[in-house]
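Keeping their order, the protein sequence lines are chains A and B.
Under the numbering used here, residue 728 is the last one in the first sequence; the count climbs by one each step, no gaps.
Under the numbering used here, residue 242 is the last one in the second sequence; the count climbs by one each step, no gaps.
Comments concern the structure below.
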Amino acid sequence: MPGAAPQSVPASDQSPPLVVSPLPRVYRGWRVFIFYSSALLLTGLVSMLFADLLWRTGWSASRTVLLVVFVILFLLIAIGCMHGVFGFFLRAFGDPRRITQTDYRNQSMAGTSTAIVFPIYNENIVRVYEGLRATFESLEKTGQLEHFDFFILSDSTDPDKWVEEERCWYELIRELDALGRIYYRRRTDNEGRKSGNVRDFLNAWGRRYRYFLVCDADSVMRGGTLVDLVKLMEAHPTVGLIQTVPALVNAESLFGRIQQFSNRLYAPLFIAGLNYWALNLGNYWGHNAIIRTEPFMQFCDLPQLPGHKPFGGQILSHDFVEAALLSRANWEVWLAYDLEGSYEEVPQGMIENAQRERRWCQGNLQHGLVLFAKGLRGVNRLHLLLGICGYLAGPLWLVFLLTFNWIHWYQKYTGLSNITVHAFTPYLNLSGIAHAFLVFVICMAVLFLPKVLALIDLAFDWERRRAFGGLTRTTVGVVGETVFSTLHAPLLMLWHTRFVVTNLFGVSVGWSQQKRGSDGTTWLFAIRRHWGHTLIGLVWGAFMWQLNRYLFWWFTPVFTGMVLSIPLSVWTSRRSLGARARKLGLFLTPEETLPPVELVSLRSQMKIHEITDDTTPRRPHAGLAEAVLDPYVNAIHVSLLREKRLNPVYAEQLDKLGVGRETVRVLGERLLAEGPAELAPADRILIMTDAHAMVWLHQQTWLRPGESLAPWWRTAIQEYSHRD
Amino acid sequence: MDLPVESAITGPGALTGVAGQLAGRPLEEWNAAYAKVENYFHALRIRNKALLGQLVLRVLERAMKRAPAEPDHSATYIAAEEMDRTVTEWFAAVLQAPPTNADQMLSTRGRLALLLADMPGKWQDQFLRPPPWPEEFVSAMRETYLRAGPDFQLSKMSARPFDLGPITTLTNLGRVPYLKMSLAWTLFVLFLVAVFYFTH
């Protein structure tokens, strides 16, 4: 029921009863109508022009396919373009409908409690904790730390990571004097993945906190921004979620720097455009967002979808759906797009980026089923649909290109003449080639207009212009970014096609973890990942050369990206090239030219780790050795395990696992006598989950004569004894 | 420090008349026992060598007293046991928690307390020392407690299934026998039709 008050919650710990009327539906309705009508109008006109072009060369079934695909693809780029156009004008003339528009800064924080949660899964612990440290220290400076608690919510399955997380957590709380402020919890099972991890936190501690703020493993938040978010929530009691727009930061490779440059330059326009039509039915991107705990707990537990994979089962991409569920219950969801101080990182290479795209593709395609869920708001369905189309665009573009090739091949090999007839639009007086060129130019204009608008937007903002290194450098950066995107786009097309097809057929495509060299993707790894792209580019190029040399040159941007995919992937992943571009003043972002304190702190801490950390590869099962042998790590580990028992749900899970049974002791004996390699991974995890077994193992390894222990233990003890 | 270092080699039963032996065991055995105990204290981050040596000798003294009565156990084993016992007894005294054989958790609690009180950094000289201990050290040992999270406030989120309307029926199509095979055949037929259509 749009415009209605949010569905009530049994509130003992609710926000003050301030009343903010949600926007009237008709107002948002007009915005949605105007926005999408503009995109549709543009699509309609250009599609007519394209249909006319096809008509001139003789209609056929394949031309129908081409036109249908063209209309869909053009509509998508027109929607993108409209985001840029609307965003540009909103930024130029001011947007009166923003969550940050109200005077919220004087709002009291008294009585508020916010949990900042970091769900992690086998992550680079050092980076996660340093990001947390930067956020913590920044928050401390605001003087509002007392209103916040931090939670590291581990889902890690790698025992080495698990032990490292515990040890580093202790070091962190000791260094920050944050005992009782930064907490650590590891789940015994990974049910529900990230959303299940957050749900588990909410079930255990959620009701202690009025709000919770979800961070990603690579998130950093400015303290002032965190305080602003809480105050915004306090000022707007009908708001269920506020999503910030994280700036991409800390990229060092050329690829990463190009991505963060385009994000920082174009995103403000696009997001302002998005906010124009979404308003209080905004979206959630899974992290760097503050959430009102109670309504989230009441309405956002994700159900299993009926049927089997790829659509059925557990919802993988949970964020869009959670926002839709909040909106369904009449809670507002806003994008605080003008709130600075929210950061995340970006993949450093094309292959890493594709790995992430693959996960997102799977989740977004699954939304195809959620689209039909009854009761969802139309705007939320649009969010879901746009997410799906983002991945379907790749295969559709491929279909478009192949159909286009087919038409030319058919024309050539059937010997049919290519005589053009008059167009529907004779007053334009265009030849067939000029007609085709006009369509092409319009498509390019629609694609590139937002970039031009972003530059104009920058030109009129002296402060931002300076932060990007000046208008000239930014313009050169935009040209460079456009060239790179042109080469990268065909690869994304092939990747997305593969992801969509394999997902639809339920085929799981295992991708091994990337072996990164000291300076990015290795040549061997790039060859393994891109040889198919190169081959397709070469074969396709040769085919086009044979077919029509004139057309060949028009297709070169598509082939070039494919043929050069291997060197492109390797070179753009290089930190050295990223650094060189930076020295030339290319792809600069405000966070590079005027780095905020949080990022300076993070970078300096990471540098210290880079210099001082022991980089020698750890022995297999080093985490287990540490948890058993090190008297302090063992004590931390056991203490955390014992605390779990206080939660009946965790206690039940531990019992279900078999913790405390005699079999664990038997496994422990085997572990001592034969070494960890002889045990199954699940058995090693089971032992490590049993507090008593871990205490016993600690005692036994130090008590027993070396001869009664496996050689692996003797070596481990030796190493421990001589460690400083 | 008032550790009776000299007593380790002059105490009753410590030296025997047999050359090359201590407390009835070959010197090499005590050497190994020494290394074992030293290793553990080293793992506890006792870095001061003089202190480390004194602590090891104190444990060995207890082990040497036991050794003649336990000929079946190696000196290393006895020393390790004595080390464990000495440390646990000391934890019990400092934390005012009587040791029980049934619960090895006292040792864990003690080690955690050592860590939280920053024994390796601030209080190395107090480790295994008999009372009285400095008030600050005692309170640091007794009062610190490692908390992984605040008190639980349990609740249970429950999902509300989506009503997908007629789509739900479609999602169950996967259960139709031979569906995939039929789909594959249909696709093949469609492919043939398409080839025919486009080539004629």
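All residues carry an ideal CB built from backbone N, CA and C; glycine is no exception.
No experiment lies behind these values; they were computed from the predicted model shown.
- Nearest CB-CB separation between B:Asp114 and chain A: not below the 7 Å threshold.
- Proximity of chain B to A:Val374 at the Cβ level (cut-off 8 Å) is accounted for by Phe204, in chain order.
- In this structure, A:Arg178 is the residue among A:Arg178, A:Leu80, A:Glu169 and A:Val604 with its C-alpha nearest to the C-alpha of B:Ala159.
- Annotation for A:Asp232: no beta strand (DSSP E) segment contains it, though the alpha helix (DSSP H) segment containing it runs Gly227 to Ala239.
- No Cβ of chain B is located within less than 7 Å of the beta carbon of A:Ser580.
- Per DSSP, A:Leu79 is one residue of the alpha helix (DSSP H) stretching across Ala65 to Phe97.
- Contact between A:Gly260 and A:Pro351 holds, with the beta-carbon distance rounding to 7 Å and staying under 8 Å.
- Here A:Ala720 has Ala629 and Leu633 as same chain residues with Cβ atoms under 7 Å from its own Cβ, once five neighbours each way along the sequence are excluded.
- Closer than 7 Å to the CB of B:Lys198 there is at least one CB belonging to chain A.
- With contacts defined by Cβ atoms closer than 7 Å, A:Pro454 and A:Gly98 do not form a contacting pair.
- Within chain B, the residues placing a beta-carbon under 7 Å from that of A:Ser643 are Thr150, Leu154 and Leu188, ordered along the chain.
- Restricting attention to A:Asp461, A:Ser160 and A:Arg189, the CA atom closest to the CA of A:Tyr174 is found in A:Arg189.
- An exposed status is given to A:Tyr431, since fewer than 16 other beta-carbon atoms sit within 10 Å of its beta-carbon.
- In this structure, A:Gln247 lies away from A:Leu320, with their beta-carbon atoms at least 7 Å apart.
- Chain B has a Cβ within less than 7 Å of the Cβ of A:Gly184.
- Nearest in C-alpha terms to A:Gln722, of all of B:Leu69, B:Pro68, B:Ala85 and B:Glu71, is B:Ala85.
- Against chain B, a Cβ distance below 7 Å from A:Gly210 picks out Ser197.
- The beta carbon of A:Arg649 sits no closer than 7 Å to any beta carbon of chain B.
- Taking CB atoms only, A:Ala655 has no neighbour in chain B less than 7 Å away.
- Assignment of beta-bridge partners to A:Asp153 by DSSP yields A:Ala119.
- Against chain A, the beta carbon of B:Glu123 has neighbours under 9 Å at Leu707, listed in chain order.
- The closest CA to that of A:Phe92, considering only A:Asn207, A:Thr116 and A:Asn279, is found on A:Asn279.
- Contact annotation: A:Leu70 and A:Leu400 have beta-carbon atoms that are not nearer than 7 Å.
- Residue contact with chain B for A:Lys660: absent (no Cβ-Cβ distance below 7 Å to any residue of chain B).
- Taking 7 Å as the cut-off, the beta carbon of A:Met566 is found closer than this to the beta carbon of A:His537.
- Sixteen is the threshold: when 16 or more other Cβ atoms of the shown chains lie within 10 Å of the Cβ of A:Phe488, as they do, the residue is buried.
- Among the CB atoms of chain B, none fall inside 7 Å of the CB of A:Ala714.
- Following the DSSP letters along the chain, one finds A:Phe216 inside the beta strand (DSSP E) bounded by residues Tyr215 to Val218.
- Annotation: the continuous beta strand (DSSP E) that includes A:Ala293 extends over Ala293 to Arg296.
- Residues of the same chain with a CB within less than 8 Å of the CB of B:Thr130, apart from the 5 flanking positions on each side, are Pro141, Leu148, Ser149 and Gly152 in chain order.
- Distances from the alpha-carbon of A:Ile156 to those of A:Gln148, A:Phe216 and A:Gly196 put A:Phe216 closest.
- If you check the CB distance, B:Ala109 and B:Gly66 come in under 7 Å.
- If you compare the alpha carbons of B:Gln146, B:His115, B:Glu70 and B:Asp193 with that of A:Val699, the shortest gap goes to B:Gln146.
- For A:Gln704, the uninterrupted alpha helix (DSSP H) run begins and ends at Ala695 to Leu707, by DSSP.
- Counted as a single uninterrupted DSSP element, the alpha helix (DSSP H) harbouring B:Ile120 occupies residues Ala117 to Leu137.
- Within chain B, the residues placing a beta-carbon under 8 Å from that of A:Val699 are Gln146, Met147, Ser149 and Thr150, ordered along the chain.
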